[in-house]
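These protein sequence lines are chains H and D, in that order.
Numbering that gives the first Met the number 0 applies: residue 0 is where the first sequence begins, and numbers increase by one.
Numbering that gives the first Met the number 0 applies: residue 0 is where the second sequence begins, and numbers increase by one.
Below is one structure, written out as structure tokens; the observations come after it.
Number of protein chains: 2
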Amino acid sequence: MFENKSKTELSTLGEFGLIRHLTEKIQLQNPSSITGVGDDAAVIDNTGKLTVVSTDMLVEGVHFDLSYVPFKHLGYKAVMVNLSDIFAMNAIPHQITVSIALSSRFPLEAVEELYDGILKACARWKVDLVGGDTTSSTSGLIISVTAIGSALKEELVYRNTAKEKDLICVSGDLGGAYTGLLLLEREKEVYKSNPGIQPDLEGNDYILERQLKPEARGDMIDMFKELDLKPTSMIDISDGLASELLHICTSSGVGCNLYEEKLPIDPMTFERARAFNLDPTTCVLNGGEDYELLFTIAMSDYDKVKGNPHITVIGHITEKNAGTNLVIRDGSVHPLTAQGWDAFQPK
Amino acid sequence: MFENKSKTELSTLGEFGLIRHLTEKIQLQNPSSITGVGDDAAVIDNTGKLTVVSTDMLVEGVHFDLSYVPFKHLGYKAVMVNLSDIFAMNAIPHQITVSIALSSRFPLEAVEELYDGILKACARWKVDLVGGDTTSSTSGLIISVTAIGSALKEELVYRNTAKEKDLICVSGDLGGAYTGLLLLEREKEVYKSNPGIQPDLEGNDYILERQLKPEARGDMIDMFKELDLKPTSMIDISDGLASELLHICTSSGVGCNLYEEKLPIDPMTFERARAFNLDPTTCVLNGGEDYELLFTIAMSDYDKVKGNPHITVIGHITEKNAGTNLVIRDGSVHPLTAQGWDAFQPK
Numbered sequence: 000m001f002e003n004k005s006k007t008e009l010s011t012l013g014e015f016g017l018i019r020h021l022t023e024k025i026q027l028q029n030p031s032s033i034t035g036v037g038d039d040a041a042v043i044d045n046t047g048k049l050t051v052v053s054t055d056m057l058v059e060g061v062h063f064d065l066s067y068v069p070f071k072h073l074g075y076k077a078v079m080v081n082l083s084d085i086f087a088m089n090a091i092p093h094q095i096t097v098s099i100a101l102s103s104r105f106p107l108e109a110v111e112e113l114y115d116g117i118l119k120a121c122a123r124w125k126v127d128l129v130g131g132d133t134t135s136s137t138s139g140l141i142i143s144v145t146a147i148g149s150a151l152k153e154e155l156v157y158r159n160t161a162k163e164k165d166l167i168c169v170s171g172d173l174g175g176a177y178t179g180l181l182l183l184e185r186e187k188e189v190y191k192s193n194p195g196i197q198p199d200l201e202g203n204d205y206i207l208e209r210q211l212k213p214e215a216r217g218d219m220i221d222m223f224k225e226l227d228l229k230p231t232s233m234i235d236i237s238d239g240l241a242s243e244l245l246h247i248c249t250s251s252g253v254g255c256n257l258y259e260e261k262l263p264i265d266p267m268t269f270e271r272a273r274a275f276n277l278d279p280t281t282c283v284l285n286g287g288e289d290y291e292l293l294f295t296i297a298m299s300d301y302d303k304v305k306g307n308p309h310i311t312v313i314g315h316i317t318e319k320n321a322g323t324n325l326v327i328r329d330g331s332v333h334p335l336t337a338q339g340w341d342a343f344q345p346k
Numbered sequence: 000m001f002e003n004k005s006k007t008e009l010s011t012l013g014e015f016g017l018i019r020h021l022t023e024k025i026q027l028q029n030p031s032s033i034t035g036v037g038d039d040a041a042v043i044d045n046t047g048k049l050t051v052v053s054t055d056m057l058v059e060g061v062h063f064d065l066s067y068v069p070f071k072h073l074g075y076k077a078v079m080v081n082l083s084d085i086f087a088m089n090a091i092p093h094q095i096t097v098s099i100a101l102s103s104r105f106p107l108e109a110v111e112e113l114y115d116g117i118l119k120a121c122a123r124w125k126v127d128l129v130g131g132d133t134t135s136s137t138s139g140l141i142i143s144v145t146a147i148g149s150a151l152k153e154e155l156v157y158r159n160t161a162k163e164k165d166l167i168c169v170s171g172d173l174g175g176a177y178t179g180l181l182l183l184e185r186e187k188e189v190y191k192s193n194p195g196i197q198p199d200l201e202g203n204d205y206i207l208e209r210q211l212k213p214e215a216r217g218d219m220i221d222m223f224k225e226l227d228l229k230p231t232s233m234i235d236i237s238d239g240l241a242s243e244l245l246h247i248c249t250s251s252g253v254g255c256n257l258y259e260e261k262l263p264i265d266p267m268t269f270e271r272a273r274a275f276n277l278d279p280t281t282c283v284l285n286g287g288e289d290y291e292l293l294f295t296i297a298m299s300d301y302d303k304v305k306g307n308p309h310i311t312v313i314g315h316i317t318e319k320n321a322g323t324n325l326v327i328r329d330g331s332v333h334p335l336t337a338q339g340w341d342a343f344q345p346k
């Protein structure tokens, strides 16, 4: 991707020089960020609130493929994935730390683009980058982000507190990120067998953006406040709806009925899934990386979400012994199974 | 290293199974750890204190060599390196998150040993493991640790607050970890050229332990309280004394005089350095990974550290224009230079 651009060897800057170069533009935005990059540790003042911490690691060749993921999007996504976890606690992120391991095959310009994406995601949610580590790797690129947020104790929403009869809700629509990935993988194969052919990505903006530039649903946290709605449980959808709903049910000790006909899917996702000979419902249930919020609400709060274009009620919580079920369009009931992405399965 | 032991393929557990297996023994010890592993994020209550955060990434082939580093020691060291950063702020660590990327060439037993070491380091300083991420890598092992601690605002010690005439002090002794590394590298070469020869590590326990099982100097933070001593600036020694002292001087806008004859070195370190035809002073100045604390104190506090076997006064802070100097044994003055380890230099 950097064939025609200027290249600066990382070794000309050295480790400290690189960190200084990348972080000198950072201006702390949060009053709670007392000290950022440049000391042994960052200092944060969340006095009166609880601190919420989440961490995720993205590995080249496992979570992303640099042959079609631009560095800037990768940086943006690495941050959004973590902010999504903080929002899923009904908390607000304020700081991140970022550790990057990269081999000397990457020029400075690539790292700068990565950082641009990281800082763009920070700016989107007024989050401060307050620390990190930059080192070399023997082969690929690895990005580890830790996000730190805060919430009042009574605001926090856990995943183990869903109750029988609660309604199961989801923000936005699902399956788009996965069909976007399939499209990118297809064009990569075409390109590999014939590098003269230009990738055919026209008219697929929505699903490509869902895959390459996911947006953490912080707007939902604001909306919950406006609606005076506190979910009874919540989790973000990184591994696929089925997997995440099973997490809620297992940790809450409850069952569920999920209705296929209620699942929100964008028309483009539906059409592209069909073009790939895939069941669109499978893409919605098991395609990951949508970073929407899956949450449950008390039935008495139904009026607060009714007709809201950002929220879809997709089922309800049952008692544990009723099992975790998917009710498909013909009315038949099937056990809900997670075929979510597993990092350790042989590929 | 696991030739004769039982092997369990990671893919038999899957990602969630592995995380559950590794974390099910964890019992939270700190009242401030409200929620640990098992939700989107950990929840921490440092109300009334400031939160201090530090992160470090260790990469196979760059920071460690599994041909002579046991997994348990690696886990222990990965945690200690981060706790050391929190202590270097004069703060107390309470929580860590750990992200691990590993290829399928590692059996479950290796990951268990790694985790044993991580939890042993946590137990040493009553720190809770509250979150993390476990994923696969395409090649080597990568460990990213984030440590979270707390301190009262008035207790925190930064690196940019050293003042002219302050005394420069260091805990423990220096250069041991580096000579230990040289010894391990030498024996690895011997083994590679003749695998029949057993490694000759006898009588080198101290320097091997300095390299393989470093101890973060949390005891010094307790001692500072007992001595009613607040350093004027502080940093931990990960890259070598010279590099760290230059960090303090640069960020504080001051100069220094460092005295070669005052530098603390263990007799074994001294002797082994000589056996490697190295100047022991070079090992002390530029050998990294000792994880001792480098700090400055007001001259008026000298009586508090005088005669203390854990603290050595090695120089003093000067005004910026006087430069950063090393006064060697013959009394001549030389500019202090950092030849510390640089991750991006071609090897």
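Glycine residues also receive a C-beta, built at the ideal position from the N, C-alpha and C atoms.
Going by DSSP in three states, residue i sits in which element: helix, strand or coil?
i, result
"residue 299 of chain D", "helix"
"residue 246 of chain D", "helix"
"residue 69 of chain D", "coil"
"residue 241 of chain H", "helix"
"residue 309 of chain H", "coil"
"residue 59 of chain H", "strand"
"residue 12 of chain H", "coil"
"residue 256 of chain H", "strand"
"residue 264 of chain D", "coil"
"residue 27 of chain H", "coil"
"residue 337 of chain D", "coil"
"residue 181 of chain H", "helix"
"residue 327 of chain D", "coil"
"residue 86 of chain H", "helix"
"residue 22 of chain D", "helix"
"residue 226 of chain D", "coil"
"residue 292 of chain H", "strand"
"residue 115 of chain D", "helix"
"residue 221 of chain D", "helix"
"residue 76 of chain H", "helix"
Please name the residue, chosen from the options, that lies closest to residue i on a Cα-to-Cα basis.
i, options, result
"residue 175 of chain D", "D:324, D:129, D:273", "D:273"
"residue 17 of chain H", "H:27, H:131, H:48", "H:131"
"residue 253 of chain H", "H:165, H:308, H:220, H:221", "H:165"
"residue 315 of chain H", "H:185, H:59, H:169", "H:169"
"residue 40 of chain D", "D:47, D:32, D:46", "D:32"
"residue 313 of chain D", "D:70, D:171, D:36, D:220", "D:171"
"residue 107 of chain D", "D:11, D:60, D:245", "D:11"
"residue 198 of chain D", "D:53, D:184, D:161", "D:184"
"residue 140 of chain H", "H:103, H:155, H:149", "H:103"
"residue 320 of chain H", "H:288, H:271, H:249, H:160", "H:249"
"residue 7 of chain H", "H:25, H:111, H:127, H:186", "H:111"
"residue 240 of chain H", "H:281, H:220, H:215, H:276", "H:281"
"residue 177 of chain D", "D:62, D:226, D:53", "D:62"
"residue 318 of chain D", "D:157, D:251, D:297", "D:251"
"residue 154 of chain H", "H:302, H:232, H:25", "H:232"
"residue 304 of chain H", "H:204, H:224, H:28, H:53", "H:224"
Could you tell me which residues DSSP pairs with residue i in its beta bridges?
i, result
"residue 94 of chain H", "H:127, H:147"
"residue 45 of chain D", "The partner list for residue 45 of chain D (beta bridge, DSSP) is empty, contrary to what the question assumes."
"residue 34 of chain H", "H:42"
"residue 314 of chain H", "H:167, H:257"
"residue 134 of chain H", "H:100"
"residue 54 of chain H", "H:145"
"residue 332 of chain H", "H:326"
"residue 232 of chain H", "H:295"
Whole-angstrom Cβ separation of residue i and residue j, contact assumed at under 8 Å?
i, j, result
"residue 182 of chain H", "residue 147 of chain H", "At roughly 35 Å, the Cβ-Cβ gap does not stay under 8 Å, so residue 182 of chain H and residue 147 of chain H are not in contact."
"residue 337 of chain H", "residue 242 of chain H", "4 Å"
"residue 247 of chain H", "residue 311 of chain H", "Actually they are not in contact, since the Cβ atoms of residue 247 of chain H and residue 311 of chain H sit about 16 Å apart, beyond 8 Å."
"residue 290 of chain D", "residue 213 of chain D", "5 Å"
"residue 173 of chain D", "residue 262 of chain D", "7 Å"
"residue 44 of chain D", "residue 49 of chain H", "5 Å"
"residue 82 of chain D", "residue 286 of chain D", "In fact, because the Cβ distance is near 21 Å, the residues do not count as touching under 8 Å."
"residue 389 of chain D", "residue 167 of chain D", "With chain D running from 0 to 346 in the structure shown, residue 389 of chain D is simply not present."
"residue 292 of chain H", "residue 86 of chain H", "7 Å"
"residue 36 of chain H", "residue 129 of chain H", "6 Å"
field: Inside the segment 156-214 of chain D only - alpha helix (DSSP H) runs reaching at least 4 residues
entry: 175-192, 204-211
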